[in-house]
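Take a look at the structure set out below.
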Amino acid sequence: MGVVPSRGLQLSSTPAVASGHQHPNPLPLAMTMGALGVVYGDIGTSPLYALKEAAKAAAHGGTVTQDAVLGVASLILWALLLIISLKYALLILRADNRGEGGIVALLALLHARHAQTGTWRAHLLVVGLVGAALLYGDGAITPAISVLSAIEGLKVDAPSLSPVVVPLTIAILVGLFVMQKQGTGFIGRIFGPVMLAWFVVLAALGIHGILKAPAVLAALSPFYALDFLIHQDFQVSFAILGAAFLAVTGGEAMYADMGHFGRLPIRLAWFAICLPALVLNYFGQAALLITDPSTIENPFFQLCPDFLHYGLVAFSAVATVIASQAIISGVFSLTQQSIQLGFLPRMQIRHTTSDAIGQIYVPLVNWLLAAATLGAVLSFGTSDALAGAYGIAVSLLMAITTLLAALVAIQWGYSPWLVVVVNGFFFVIDVIFFSANSIKLFEGGWFPLLLAGLVAFLMLTWRAGVRLVEAARAKLRQPEEDLIETAVNKCSARLPGTAVFLASAPKGVPLALTQFVKHNHVLHERIILVTVLIEELPHIDDQDRAEVIEIIPGITRVILHYGFMQNPTIYEGLTLACRQGKLPGIDLADITYYVGRETIIPREDIPGMWVWREGLFAFLQRNAERSAAFFGVPTKQVVEFGTELEI
Numbered sequence: 000m001g002v003v004p005s006r007g008l009q010l011s012s013t014p015a016v017a018s019g020h021q022h023p024n025p026l027p028l029a030m031t032m033g034a035l036g037v038v039y040g041d042i043g044t045s046p047l048y049a050l051k052e053a054a055k056a057a058a059h060g061g062t063v064t065q066d067a068v069l070g071v072a073s074l075i076l077w078a079l080l081l082i083i084s085l086k087y088a089l090l091i092l093r094a095d096n097r098g099e100g101g102i103v104a105l106l107a108l109l110h111a112r113h114a115q116t117g118t119w120r121a122h123l124l125v126v127g128l129v130g131a132a133l134l135y136g137d138g139a140i141t142p143a144i145s146v147l148s149a150i151e152g153l154k155v156d157a158p159s160l161s162p163v164v165v166p167l168t169i170a171i172l173v174g175l176f177v178m179q180k181q182g183t184g185f186i187g188r189i190f191g192p193v194m195l196a197w198f199v200v201l202a203a204l205g206i207h208g209i210l211k212a213p214a215v216l217a218a219l220s221p222f223y224a225l226d227f228l229i230h231q232d233f234q235v236s237f238a239i240l241g242a243a244f245l246a247v248t249g250g251e252a253m254y255a256d257m258g259h260f261g262r263l264p265i266r267l268a269w270f271a272i273c274l275p276a277l278v279l280n281y282f283g284q285a286a287l288l289i290t291d292p293s294t295i296e297n298p299f300f301q302l303c304p305d306f307l308h309y310g311l312v313a314f315s316a317v318a319t320v321i322a323s324q325a326i327i328s329g330v331f332s333l334t335q336q337s338i339q340l341g342f343l344p345r346m347q348i349r350h351t352t353s354d355a356i357g358q359i360y361v362p363l364v365n366w367l368l369a370a371a372t373l374g375a376v377l378s379f380g381t382s383d384a385l386a387g388a389y390g391i392a393v394s395l396l397m398a399i400t401t402l403l404a405a406l407v408a409i410q411w412g413y414s415p416w417l418v419v420v421v422n423g424f425f426f427v428i429d430v431i432f433f434s435a436n437s438i439k440l441f442e443g444g445w446f447p448l449l450l451a452g453l454v455a456f457l458m459l460t461w462r463a464g465v466r467l468v469e470a471a472r473a474k475l476r477q478p479e480e481d482l483i484e485t486a487v488n489k490c491s492a493r494l495p496g497t498a499v500f501l502a503s504a505p506k507g508v509p510l511a512l513t514q515f516v517k518h519n520h521v522l523h524e525r526i527i528l529v530t531v532l533i534e535e536l537p538h539i540d541d542q543d544r545a546e547v548i549e550i551i552p553g554i555t556r557v558i559l560h561y562g563f564m565q566n567p568t569i570y571e572g573l574t575l576a577c578r579q580g581k582l583p584g585i586d587l588a589d590i591t592y593y594v595g596r597e598t599i600i601p602r603e604d605i606p607g608m609w610v611w612r613e614g615l616f617a618f619l620q621r622n623a624e625r626s627a628a629f630f631g632v633p634t635k636q637v638v639e640f641g642t643e644l645e646i
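This is the structure in structure tokens:
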């Protein structure tokens with residue numbers, strides 16, 4: 000049985016849907032504290048490496064000048080204001096799907112997954128899936144560069160410790176990925192307070208630096224950024240832009256995590272705490288470089304008094320672990336949404352706690368992400384080298400998000416001219432930063448793009464394969480009239496009890512039921528055909544969960560509706576239907592579930608994908624989580640029927 004796309008429920012047509020669905024009585028301060036730990040962990044640790052890399056690019060092998068420092072500081076400031084404050088906080092956060100954000104929510108809003116091949120919506124889906132896949136590349140690089148840049152602080156006071164930086168980073172990351180299966184409930188509760196303390200430290204260090212060279216405040220004017228870039232060689236300007244973009248990486252989490260915290264707490268955390276602290280710290284580092292250009296190798300740690308260096312290294316390591324945990328949890332959440340919407344094969348998803356949103360663990364994704372992250376650390380070795388790999392995936396993702404959000408705004412009825420002017424302005428900025436980062440392609444930028452390309456290819460292969468399988472099923476599936484005829488006139492006997500047959504489509508006869516009748520020539524006294532529909536809404540309320548249709552007395556069809564942010568559990572859905580009186584006389588402890596298990600046979604003589612892609616799809620399908628396990632069917636009550644399907 001597969002997850003079936005549904006057209007049955009209409010999306011909200013207004014952009015003003017708040018996220019109160021999950022938070023009926025939101026506490027802005029509590030939610031703001033939570034947002035500090037989860038949403039802003041990544042961008043909050045960017046001062047460890049962003050200004051350093053931009054200043055090195057501006058110096059291009061020589062000594063960094065005061066004009067260069069002011070230009071870099073101004074560029075970072077206005078990147079934070081334009082990309083994060085204006086674009087994300089004020090514009091993109093409006094494009095929510097019933098309170099949920101992220102690129103998958105945008106695709107659901109645009110109905111892209113139902114698009115027919117060759118249409119503009121089909122091309123849009125490809126673009127959106129590439130954007131979703133880019134998050135996997137980001138998820139591999141972020142823990143590597145964040146933790147590595149923190150541990151490199153040891154070299155400021157003790158250069159002799161350089162050989163232990165990579166092994167210590169590896170040990171921390173291995174511990175982080177091993178910890179995932181235990182859940183992060185306890186750690187999650189301390190994320191907010193720890194990151195609040197981190198932003199306070201960032202601000203304090205920045206003020207300490209600014210007081211030594213108040214002239215750095217001249218960089219508040221955008222003139223310094225523009226003037227500096229204009230008077231540099233083209234290649235140098237692009238290198239500086241690419242390095243400065245590191246200061247805004249992580250900003251996309253504002254939109255992706257909106258459903259967990261709500262629009263207001265995310266904005267409040269940014270404007271009241273994160274933005275002031277980040278600007279102060281970047282300006283403090285710039286002031287230090289003005290007074291002492293030799294600190295360019297690590298201006299962040301040299302802002303701190305010498306006797307506090309090791310303590311700051313330890314605190315930085317904790318902050319980067321939190322940032323890494325946030326991106327790992329985000330990848331788990333993206334995987335779950337992609338599975339629900341039919342973009343990835345079913346995988347084992349463990350819920351590590353019952354009282355927290357998004358606390359899930361996906362073992363396969365965890366260890367693949369761990370392999371990619373550890374491989375990045377071992378291959379690149381330093382945060383400077385990893386900086387070349389970082390940014391290109393995020394900048395392309397931001398451009399795709401701007402494009403999709405513009406289409407959503409037009410769909411919601413905003414003036415196309417206004418959308419083109421506003422979103423077009425930010426899209427141009429995104430394209431400039433992507434172009435600047437693209438020059439780092441051969442310096443490591445290929446790494447996250449390769450990961451994203453592999454994931455996007457798997458997504459597109461899986462989606463195309465699912466469509467081919469559904470077409471093959473449709474040719475074999477009997478109409479309901481045949482089932483009625485069999486039940487009334489052709490069954491030699493009716494077995495006592497109730498049988499539940501899982502159906503991949505809300506119409507016709509499940510192949511498992513056809514096989515059952517073909518081999519046994521009998522039916523149970525009561526037959527329930529169950530289909531799970533994943534809607535293009537994040538959540539479906541309990542009262543709308545079960546749709547019950549009586550075909551004939553003794554044969555009932557049940558359609559269970561779930562949102563793409565929910566866990567589709569058949570047992571829970573049937574229990575709810577029984578409690579609501581929609582399925583009277585059913586004892587769920589005394590029924591048998593019949594599930595079809597399909598074997599895919601690729602054929603060259605049947606129109607479809609290239610046969611090697613069909614073989615890849617067949618491999619993914621064989622290794623996907625079993626339908627019964629994925630949909631929460633009690634294991635002791637399951638009977639499987641095998642079917643061969645040629646595609």
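Residue numbering for the sequence shown is 0 to 646, as defined by numbering that gives the first Met the number 0. We treat Cβ as the ideally placed atom computed from N, Cα and C, and that holds for glycine.
- As the crow flies, the alpha-carbon of TYR593 is around 12 Å from that of HIS523.
- A contact is defined here as three or more CB-CB pairs under 8 Å, and the stretch 228-240 fails this definition with respect to the stretch 291-308.
- Spatial neighbours of SER161 in its own chain (CB-CB distance under 7 Å, excluding positions within 5 residues in sequence) are listed in chain order as LYS154.
- The alpha-carbon separation between LEU582 and ILE550 amounts to approximately 13 Å.
- Within the same chain, Cβ atoms closer than 7 Å to the Cβ of GLU571 are found at GLY631, the five residues on either side in sequence being excluded.
- In terms of Cβ geometry, ALA224 and SER45 do not form a close pair [threshold 8 Å].
- In the three-state DSSP reduction, LEU522 falls in the strand class (E or B).
- A direct Cα-to-Cα measurement between LEU274 and ILE399 gives close to 24 Å.
- In this chain, the beta strand (DSSP E) harbouring ALA492 covers 492-501.
- With a minimum length of 4 residues, the unbroken runs of alpha helix (DSSP H) contained wholly in the stretch 280-321 fall at 298-301.
- Between the alpha carbons of VAL468 and GLY423 lies a distance of about 40 Å.
- A distance below 7 Å between beta-carbons, with the five flanking residues on each side excluded, links PHE426 to the following residues of its chain, in chain order: ALA398, THR401, LEU402.
- Between the stretch 373-381 and the stretch 117-133 there are fewer than three C-beta pairs closer than 8 Å, too few to call the two in contact.
- It is roughly 15 Å from the alpha-carbon of GLY98 to the alpha-carbon of ALA34.
- Separation of LEU167 and ILE150 (C-alpha to C-alpha, rounded to the nearest whole angstrom) is 8 Å.
- Under the DSSP assignment, HIS259 falls in the alpha helix (DSSP H) whose first and last residues are 257-260.
- THR530 sits away from GLN477, with the two beta carbons spaced by 8 Å or more.
- Here PHE433 is buried, its C-beta having at least 16 other C-beta atoms within 10 Å.
- Taking every protein chain shown into account, the CB of PRO158 has fewer than 16 other CB atoms within 10 angstroms, so this residue is exposed.
- GLY36 is positioned such that its CB atom lies closer than 8 Å to that of MET194.
- HIS538 is bridged by DSSP to nothing; it lacks a bridge partner.
- The residues ILE551, in chain order, have a CB closer than 8 Å to that of VAL487 in the same chain once the five nearest residues on each side in sequence are set aside.
- Considering only LEU587, LEU510, LEU528, the residue with the shortest C-alpha distance to LEU644 is LEU510.
- The beta carbons of THR381 and LEU147 sit closer together than 8 Å.
- One alpha carbon belongs to ILE83, the other to GLY553, and they sit about 58 Å apart.
- Counting along the chain, THR64 sits inside no alpha helix (DSSP H), nor does DSSP assign it H or E at all.
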